[in-house]
Amino acid sequence: MSVSPSLKSSSNFDSNEDLLNLITSSWDKNRKSTLQNSKWTRDYLSRLTSLSLNELIKEPTELRAEQEKTKQDAQMLAYKDYPVFIHAQECRLELDETLQGLDGHLNTFVSAIPDLQDACKVFTQQAQAIVEDRTKITRVLEHQNVLVDLLEIPQLMDTCVWNGYYSEAMDLASHVRLLLVQYPLPVIESIQQQVQASCDSMLVQLVSHLRRPIKLAAAMSVIGHLRRMEAFQSETELRVVFLRSRHEFLEQRLERVRQKDRSEDIRKRSQGAFECLKRYIDVMREQMFEIAKQYMSVFPGQESMLLVSDYMIFLITQMRDMLKEELRFIKDTSSLASLLTQLQYCGVSLGRIGLDFRHLFVNSFEDAVLPLIQEWISEATADALKEITLATNNLSSPSSWMSVNVASSLHWQDNAQKRHVHQPPMLLVDYPILAVFTNNILSTFNALRLLPAVGLFKPIQDHLNECFLEIGNALKQYSDQAVLRIPEENVFLQSFCAAYVRWFRGIFQQMDITETIPAHTILYYEKQLGT
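Position 467 (the sequence shown) corresponds to 496 in the working numbering; numbering is contiguous.
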């Protein structure tokens, strides 16, 4: 009958345990506990129990031999490693001292731990702020290029504005507005304010371009930029700004041609007014055509034409006022005719864009010419009246001043049939006063040929009638006196009066002037001639 290993080992364990208890029963508790807990003890007891009797008898001898050998080995080791043992002892002593010092330092450290904890808390708080700042700085460094580009936008905006890159400047302004919507930060608001200041400067600069000489393409570009800026509330306001700016440039041009100081000399003043109006009309023709053409190109559409039409009416009114102011200083019909021709050319030129205003200035030139013609006729009349009045006051005889050839009046009718109807009779040479008067009147009419204003016929005719009546009255006064004082020289008086009346009815009848001559004047002189 066999026994299983588990049962055998269990029995061995129980016997060894009993053996161990038997051996250690007399030992103290600490030693007994140490031995019982040692694995080596149990292994050795297991070995002893497995030995045979002979081996068990020899075991003490072998143990003593092994003990002796171990002792010798220990002695040999102590001899060989004596310095090491000494050093180890010293190290142990130093370690004891070190441990004692460490214990003291640890006590000090433990007592300092509360303060250290407080200091750590303070440090943690301060370090947290530093960490946050460092984090911000780190982020700034990471996005340095982007931030530099962002901060340089105002400077770049100014550069674009001053160099005329308006499209790029408006792109930058739009980008900044978008950034402000996405990131409403103080730095973005500051950049937006600087960019807005540049936009205001750009607006002023764009409008100033319209106050200087500008081509159509440049004007269209400027208006396009102004539209994109949306600086004006409506398209009408933009049109007004355009016309106002161009008008300011026009005024600058006109200011340079206007007379600042007028000369006291009539001739110089007349020449100055002529030159002023000549340059004025040229400037108005050029600028009115340019403004209207640019306006119609920049603002196409019928709804925009009303504004430019009103503006052109204003300019024409301004031109008419200027003509009214300056034409009164011009004392030369050739200059007036030259200005009228220039103005007619201006009207024809502007007629290509629907601004033919030639008929509007006729009255202005008629008003300027009429005083000149009346003045020259009055001067001629005054010269004749002066001679007649002088003869009347001095009681001069008719032969001394009226005629140099008595018989000349007898051939008046024959000569009248041979000469041209518009040619003065040569017999007037025998009557110096009538010859000079005729020459002055015809010179006046020749000057009027440069400006044949039909509307002036009636006022000039009326003025001539008044002058002829004055001369007739003066002759009547002299004749009444001469007939009584010097009856023997009636032939000279009759000859002069006949020449004067026939000059009246012959020369000026071709101009239908005799129709309005007072009848009593003609009848009086016809009676003197016996006709």
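Built from N, CA and C at the ideal position, the CB exists for glycine as well.
Check: His-172 in three-state terms, based on DSSP; Outcome: coil
Check: Option in Ile-310, Glu-264, Ile-382, Val-270 with minimal Cα separation from Glu-284; Outcome: Ile-310
Check: Proximity of Phe-318 and Ser-274 at Cβ, strictly below 8 Å; Outcome: no
Check: Meets three-Cβ-pair contact criterion under 8 Å: the region 354-361 and the region 396-405; Outcome: yes
Check: Own chain partners of Leu-479 with C-beta closer than 7 Å, once the 5 adjacent residues on each side are dropped; Outcome: Thr-362, Ser-363, Ala-366
Check: Check whether Met-348 and Ala-321 have beta carbons under 8 Å apart; Outcome: no
Check: DSSP state of Asn-4 mapped onto helix, strand, coil; Outcome: Examination of residue 4 is not possible in this model, given that the chain is present from 30 through 560 alone.
Check: Ala-202 and Val-190 closer than 8 Å at C-beta; Outcome: no
Check: Contact between the region 416-423 and the region 495-515 (3+ Cβ pairs under 8 Å); Outcome: yes
Check: Pair within 8 Å by beta-carbon distance, Ile-500 and Leu-414; Outcome: yes
Check: Backbone secondary structure at Ala-246 - three-state DSSP; Outcome: helix
Check: Distance between Glu-304 and Trp-441 (C-alpha atoms, nearest Å); Outcome: Bear in mind that a pLDDT of 47 at Trp-441, under 50, signals an unreliable position, so the number given afterwards is only what the model happens to contain. Those two C-alpha atoms are separated by around 47 Å.
Check: Contact set for Tyr-324: own chain, Cβ-Cβ below 6 Å, skip 5 residues either direction; Outcome: Val-337
Check: Alpha-carbon spacing of Gln-146 relative to Leu-135, whole angstroms; Outcome: 16 Å
Check: Simplified DSSP assignment, three categories, for Trp-430; Outcome: helix
Check: Buried or exposed by the 16-neighbour rule on C-beta atoms within 10 Å, applied to Val-113; Outcome: exposed
Check: Proximity to Gln-225 [Cα-Cα], best of Val-530, Pro-183, Ala-482; Outcome: Pro-183
Check: Unbroken alpha helix (DSSP H) run spanning Lys-360, endpoints; Outcome: Looking at the DSSP string, Lys-360 is not in any alpha helix (DSSP H), and its letter there is neither H nor E.
Check: Boundaries of the alpha helix (DSSP H) in which Asp-72 is found, first to last residue; Outcome: 68-79
Check: Separation of Leu-128 from Asp-47, as counted between CA atoms; Outcome: 45 Å
Check: Gln-262 (DSSP reduced to helix, strand or coil); Outcome: coil
Check: For Asn-192, the nearest candidate out of Ser-230, Gln-173, Gln-157 (CA to CA); Outcome: Ser-230
Check: Proximity test, Phe-521 beta-carbon vs the ligand NAD heavy atom, cut-off 7 Å; Outcome: Within the structure as shown, the ligand NAD is missing, as the structure has no ligands at all.
Check: Extent of the continuous alpha helix (DSSP H) run through Glu-495; Outcome: 486-514
Check: Contact set for Asp-443: own chain, Cβ-Cβ below 8 Å, skip 5 residues either direction; Outcome: The predicted position of Asp-443 is uncertain, since its pLDDT is 46 and thus under 50; a value taken from the coordinates is nonetheless stated next. Cβ within range, chain order: n/a, list empty.
Check: Length of the line joining the Cα atoms of Val-216 and Leu-272; Outcome: 40 Å
Check: Cα-Cα separation between Thr-265 and Glu-332, rounded to whole angstroms; Outcome: 10 Å
Check: Distance between Glu-123 and Asp-72 (C-alpha atoms, nearest Å); Outcome: 39 Å
Check: Status (buried if at least 16 other CB within 10 Å, exposed otherwise) for Cys-496; Outcome: buried
Check: Pair within 8 Å by beta-carbon distance, Glu-354 and Gly-484; Outcome: no
Check: Beta-carbon proximity check, Lys-307 vs Gln-373, cutoff 8 Å; Outcome: no
Check: Residue from Ala-246, Leu-255, Leu-180 with nearest C-alpha to Gln-223; Outcome: Leu-180
Check: Nonlocal neighbours in the same chain, by C-beta distance under 8 Å from Glu-518, ignoring five residues either side; Outcome: Ser-426, Pro-427, Ser-428, Ala-511
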